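>
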Amino acid sequence: MRYTKVGFKLFCLFLLMSLVPLGIAGTIVYKHVHDRTRDEVFGQLRSMSYSLNNQLGLLLSKRRCRVADFSSDGFIRDRVEQINQMPPESFQINEELNTHLIVNKKRLDPDILEIEILNQKGKVIASTSKEEIGADRSHEDYFRIPFVLLENKGPYFSDALQSSETRDAFHLVFSTLLTERILQRPLGVIVTKVKGDILQGVLNQYMHHPDKEGFGPFGEIYIVNRDKIKIADASNGVIFNQIVDTKEVQEVLVSKEELSDIYKNYKGVPVLGSALFVPEANWVIIAEKSVKEAFLPLTKIKYIFVFSGGGVFFLVLFLGFVISAKMNVIIKKMTEGIKRIANGNLEHPIAIGKRNDEIGEVVESFNSMTIKLKELLNEKELLMREIFHRVKNNMQVISSLLSLQCKYIKDEKYIEMVKESQDRIKAMALIHENLYRSKDLSNIDFNDYVKSLVNGLLLSYKMDTNKITLKINIKTFFFAIETAIPCGLIINELISNSLKYAFPEGRDGEINISLRSLDNDELEIIVSNDGVNFPNDLDFRDTESLGLRLVTNLAENQLHGKIELNRSKGTEFKIRFKEIKYKKRM
2 MRYTKVGFKL
12 FCLFLLMSLV
22 PLGIAGTIVY
32 KHVHDRTRDE
42 VFGQLRSMSY
52 SLNNQLGLLL
62 SKRRCRVADF
72 SSDGFIRDRV
82 EQINQMPPES
92 FQINEELNTH
102 LIVNKKRLDP
112 DILEIEILNQ
122 KGKVIASTSK
132 EEIGADRSHE
142 DYFRIPFVLL
152 ENKGPYFSDA
162 LQSSETRDAF
172 HLVFSTLLTE
182 RILQRPLGVI
192 VTKVKGDILQ
202 GVLNQYMHHP
212 DKEGFGPFGE
222 IYIVNRDKIK
232 IADASNGVIF
242 NQIVDTKEVQ
252 EVLVSKEELS
262 DIYKNYKGVP
272 VLGSALFVPE
282 ANWVIIAEKS
292 VKEAFLPLTK
302 IKYIFVFSGG
312 GVFFLVLFLG
322 FVISAKMNVI
332 IKKMTEGIKR
342 IANGNLEHPI
352 AIGKRNDEIG
362 EVVESFNSMT
372 IKLKELLNEK
382 ELLMREIFHR
392 VKNNMQVISS
402 LLSLQCKYIK
412 DEKYIEMVKE
422 SQDRIKAMAL
432 IHENLYRSKD
442 LSNIDFNDYV
452 KSLVNGLLLS
462 YKMDTNKITL
472 KINIKTFFFA
482 IETAIPCGLI
492 INELISNSLK
502 YAFPEGRDGE
512 INISLRSLDN
522 DELEIIVSND
532 GVNFPNDLDF
542 RDTESLGLRL
552 VTNLAENQLH
562 GKIELNRSKG
572 TEFKIRFKEI
582 KYKKRM
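When the count follows the numbering used here, it moves up by one through the sequence shown with no breaks and lands on 587 for the last residue.
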């Protein structure tokens with residue numbers, strides 16, 4: 002079935018109106034789920050970060066309390082005060098203090114790696130590691146800062162990596178001042194170095210089996226220190242030479258504020274991440290989840306929308322095809338009916354069946370209009386026939402009056418002129434008669450007209466048809482009155498001249514009339530005879546003959562054509578022109 006343009010547009014509009022809302026709804030739902038999923042993941046990551054931060058706070062607080070407790074030990078205070086007052090070569094008190102640190106302090110906590118006591122100059126005067134005694138720690142922050150922040154009674158804390166090739170000896174350092182019992186003057190600094198593994202113990206609750214991108218079911222959570230080194234990882238696979246120098250870590254270390262965003266982590270994997278600053282340690286807690294894993298539900302929603310959208314599409318496609326096909330049939334019938342009416346066929350109304358909608362009203366209006374047009378055309382046809390009939394009768398009356406007038410004219414010259422005028426009037430009257438008798442009032446059969454015209458001229462000039470042979474070679478042409486009248490008058494004049502002058506003294510001869518179509522929508526009339534040649538010294542355009550002047554004027558001015566004369570074999574006139582179409586006069 003061939004679709005009409007309106008049917009195709011209706012089909013496309015139906016699809017558009019059906020699928021666009023589905024697409025908009027899908028986009029809104031997808032964006033809503035995307036934003037909600039993103040917010041939920043950010044919430045989970047922030048919750049993990051804050052939970053870990055709280056546990057780290059408890060851990061660090063416990064370790065600070067431990068070193069503060071050591072600093073309040075009276076035995077340690079008294080022995081440090083004695084050592085500061087004794088000469089350097091006395092080692093007995095040092096040995097007692099070392100033993101006390103090993104037996105009574107370090108054994109209390111298996112996570113303690115080492116306990117050191119520094120004098121006021123930063124020299125190690127006692128330690129659980131005897132090889133460290135005498136070492137200079139004056140350049141270390143954990144010695145200097147407690148003296149600088151004398152008013153801050155809280156212990157100092159930092160993390161440290163021992164300088165080694167493997168860079169895996171990570172520990173936490175806690176230090177605080179040792180002061181006199183009464184005057185509270187500084188005696189030195191007590192330092193505890195704790196295993197860095199205690200951080201991993203806190204992260205054990207977040208342990209998981211990571212996928213190939215390093216993410217588990219809850220994502221990845223790890224700690225980065227102020228030097229941007231990863232010092233703890235929930236995957237329990239931390240390597241202390243892993244630098245995490247991402248833009249997000251830099252921003253948090255500078256701004257000391259929380260950050261949540263979608264970015265690429267240090268592995269180059271797109272993640273949803275939350276970074277939380279830990280002010281007590283100048284650390285950054287980072288919790289991340291891969292974008293692929295976080296938005297996995299959206300992938301399922303995509304598939305659901307694709308399959309459901311595909312089903313809806315084919316359903317809409319089917320319904321649109323059925324509905325538009327029905328409309329297409331109706332529109333096609335209406336188009337064909339309107340074309341029939343435009344072509345003048347008013348006998349067949351538009352039939353689309355009974356419809357109680359606007360289309361039915363339009364078709365009913367067209368059918369009513371067709372009936373009225375038919376009535377108007379019938380009235381017009383009757384009027385036109387009456388006009389043609391009256392014009393023909395009036396011309397016959399004029400011709401009869403001219404015949405009566407001839408009876409009172411004695412001069413043959415004038416009688417001949419009157420008869421020529423009668424022939425011209427008869428030629429025009431014959432056109433109106435043919436139109437009057439024709440079924441088509443706008444055009445006449447020019448072949449029939451020429452035959453009637455020539456036969457009338459033969460009778461008018463009382464020619465012997467046995468001597469004069471008339472050949473008419475005209476195909477079927479239908480001309481409007483605008484073309485028929487000038488062509489009829491031209492043929493009338495040329496045939497009349499042939500009958501009067503071409504065959505003197507009753508000689509035999511032949512007259513040919515032809516009409517044919519040429520290229521470029523041109524027509525050609527040829528009127529010729531084999532009688533006496535047209536005089537060579539006579540210009541048919543400049544002659545006293547009214548007939549030839551009339552032929553030239555009609556051919557060139559009214560038909561806007563060209564006229565040629567050939568004298569080689571008798572007389573032959575050629576007129577080339579284009580048909581004059583009907584022009585509205587009002």
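Every residue, glycine too, gets a C-beta built ideally from N, C-alpha and C. These figures come from a predicted structure and were not determined experimentally.
Just grab the DSSP bridge partners of Leu516 for me.
The count along the sequence shown starts at 1 and reaches residue 516 at position 515. DSSP lists Ile475, Ile526 as partners of Leu516.
> When you compare only the Cα positions, how much space is there between Ile222 and Ser275?
One-based indexing of the sequence shown puts residue 222 at position 221. One-based indexing of the sequence shown puts residue 275 at position 274. One C-alpha to the other measures close to 9 angstroms.
> When the distance is taken between beta carbons, is Trp284 closer than 8 angstroms to Ile224?
As a first step, residue 224 is located in the sequence shown; it is residue number 223 there, counting from the start. As a first step, residue 284 is located in the sequence shown; it is residue number 283 there, counting from the start. Yes, Cβ-Cβ distance for Ile224 and Trp284 is below 8 angstroms.
> Let's test the definition: count the other Cβ atoms within 10 Å of the Cβ of Ala352 and tell me whether it reaches 16, buried, or not, exposed.
Here the question's residue 352 lines up with position 351 in the sequence shown. So Ala352 counts as exposed.
> Can the beta-carbon of Leu179 be found less than 8 angstroms from the beta-carbon of Val81?
Along the sequence shown, read from residue 1 onward, the residue named residue 179 stands at position 178. Along the sequence shown, read from residue 1 onward, the residue named residue 81 stands at position 80. In this structure, Val81 lies closer than 8 angstroms to Leu179 by Cβ.
> Can you check which of these residues, Ile486, Val419, Leu495, is closest to Ile445 by C-alpha distance?
Taking the sequence shown and counting its residues from 1, one reaches residue 445 at position 444. Checked all of Ile486, Val419, Leu495; the closest Cα to Ile445 is Ile486.
> Glu494: buried (16+ other C-beta within 10 angstroms of its C-beta) or exposed?
As a working note, residue 494 is residue 493 in the sequence shown. It is buried - the Cβ of Glu494 has at least 16 other Cβ atoms within 10 Å.
> With DSSP run on the structure shown, which of helix, strand or coil describes Gly631?
With the chain represented from 2 up to 587, any question about residue 631 goes unanswered, as that position is not in the structure.
> What separation, rounded to the nearest whole angstrom, lies between the Cα atoms of Cys591 and Phe480?
Nothing in the structure corresponds to residue 591, since the chain is present only between 2 and 587.
> As a quick exercise: from Val270, Ala288, Gln243, pick the residue whose alpha carbon is nearest that of Ser261.
Translated into the one-based positions of the sequence shown, residue 261 becomes position 260. For the residues Val270, Ala288, Gln243, the minimum Cα distance to Ser261 belongs to Ala288.
> Using C-beta distances below 7 angstroms, list every residue in its chain close to Phe478, excluding the 5 sequence neighbours before and after it, in chain order.
In the sequence shown, counting from the first residue as 1, residue 478 sits at position 477. Closer than 7 angstroms at the Cβ level, and outside the excluded window around Phe478, lie Phe447, Asn448, Leu516.
> Residue range of the beta strand (DSSP E) that Ile230 falls in?
Counted from its first residue, the sequence shown places residue 230 at position 229. Counting along the chain, Ile230 falls outside any beta strand (DSSP E), and DSSP gives it neither H nor E.
> Does Ser453 come out as helix, strand or coil in the three-state DSSP assignment?
Numbered from 1 along the sequence shown, position 452 holds the residue referred to as residue 453. Helix at Ser453.
> Keeping to the same chain, check which residues put their C-beta closer than 7 angstroms to that of Ile372; ignore five residues upstream and five downstream.
Taking the sequence shown and counting its residues from 1, one reaches residue 372 at position 371. Around Ile372: no qualifying Cβ.
> Counting C-beta neighbours from all protein chains within 10 Å, is the total for Gln423 16 or more, i.e. buried, or is it exposed?
Counting from 1 along the sequence shown, the entry for residue 423 is found at position 422. Under this definition Gln423 is a buried residue.
> Around the C-beta of Phe319, are 16 or more other C-beta atoms found within 10 angstroms, so that it is buried, or is it exposed?
Taking the sequence shown and counting its residues from 1, the one referred to as residue 319 is at position 318. The residue is exposed, with fewer than 16 neighbouring Cβ atoms inside 10 Å.
> Assuming contact is defined by CB atoms lying nearer than 8 angstroms, are Val602 and Phe148 in contact in what I supplied?
This structure gives no information on residue 602, because the portion of the chain shown stretches from 2 to 587.
> Could you give the first and the last residue of the continuous alpha helix (DSSP H) run that contains Arg572?
The residue you call residue 572 lines up with position 571 of the sequence shown. Before going on, a small fix: residue 572 reads as Thr here, not Arg. Unbroken run through Thr572 is the beta strand (DSSP E), 572-579; no alpha helix (DSSP H).
> Using 8 angstroms as the threshold, is the region 27-41 in touch with the region 124-139, meaning 3 or more CB pairs across them?
Touching, no, given that fewer than three Cβ pairs across the two stretches are closer than 8 angstroms.
> Looking at the unbroken beta strand (DSSP E) that takes in His127, where does it start and where does it end?
Here residue 127 refers to the residue found at position 126 of the sequence shown. Checking the sequence shown, residue 127 turns out to be Ala, not His. Segment 125-128, the beta strand (DSSP E) holding Ala127.
> Does the region 299-319 come within contact of the region 241-256, defined as at least 3 CB pairs closer than 8 angstroms?
In short, these stretches do not touch, since the Cβ pair count stays below three.
> Look at Asn530 and Ser499 and say whether their C-beta atoms are less than 8 angstroms apart.
Translated into positions along the sequence shown, residue 530 becomes position 529. Translated into positions along the sequence shown, residue 499 becomes position 498. Going by C-beta atoms, Asn530 is nearer than 8 angstroms to Ser499.
> Counting along the chain, where does the alpha helix (DSSP H) carrying Phe144 start and finish?
Translated into positions along the sequence shown, residue 144 becomes position 143. Looking at the DSSP string, the run of the alpha helix (DSSP H) that includes Phe144 is 142-149.
> Glu117 and Val192 look like a contact to me (Cβ under 8 angstroms); what is the Cβ gap, rounded to whole Å?
Sequence index remark: in the sequence shown, residue 117 carries index 116 (1-based). Sequence index remark: in the sequence shown, residue 192 carries index 191 (1-based). Right, their Cβ atoms sit about 4 angstroms apart.
> Put Asn444 into one of helix, strand or coil per three-state DSSP.
If you number the sequence shown from 1, residue 444 lands on position 443. Strand, per DSSP.
> Counting Cβ pairs closer than 8 angstroms, one from the region 71-86 and one from the region 188-206, do we hit at least three?
Enough Cβ pairs lie closer than 8 angstroms, so yes.
> Once the 5 residues before and after Leu254 are set aside, which same chain residues still bring their CB inside 8 angstroms of it?
Working through the sequence shown from its first residue, we reach residue 254 at position 253. Answer for Leu254: Arg227, Lys229, Phe278, Asn283, Val285, listed in chain order.
> From Val245 to Tyr267, what does the alpha carbon distance come to, in whole angstroms?
For this step, residue 245 is matched to residue 244 along the sequence shown. For this step, residue 267 is matched to residue 266 along the sequence shown. Using only the alpha carbons, I get a separation of about 6 angstroms.
> Give me, in chain order, the residues of the same chain whose beta-carbon lies closer than 6 angstroms to that of Met49; leave out the 5 immediate sequence neighbours on both sides.
Translated into the one-based positions of the sequence shown, residue 49 becomes position 48. Ile222, Ala288.
> In this structure, how does DSSP classify Thr180 when only helix, strand and coil are distinguished?
The count along the sequence shown starts at 1 and reaches residue 180 at position 179. Three-state DSSP puts Thr180 in a strand.
> State the Cα-Cα distance for the pair Ile482 and Asn329, rounded to the nearest angstrom.
The sequence position of residue 482 within the sequence shown is 481, counting from 1. The sequence position of residue 329 within the sequence shown is 328, counting from 1. Cα to Cα, Ile482 sits roughly 42 angstroms from Asn329.
> Please classify Gly507 as buried or exposed, where buried requires at least 16 neighbouring CB atoms within 10 angstroms.
The residue labelled residue 507 in the question sits at position 506 within the sequence shown. It is exposed - the Cβ of Gly507 has fewer than 16 other Cβ atoms within 10 Å.
> Among residues of its own chain, excluding the 5 on either side of Asp465, which ones have a beta-carbon nearer than 8 angstroms to its beta-carbon?
What you label residue 465 is simply residue 464 of the sequence shown in a count that begins at 1. Here the set comprises Gly507.
> Have a look at the DSSP bridge pairing and note the partners of Pro271.
For the purposes of this step, residue 271 is identified with residue 270 of the sequence shown, where counting begins at 1. DSSP lists Lys265 as partners of Pro271.
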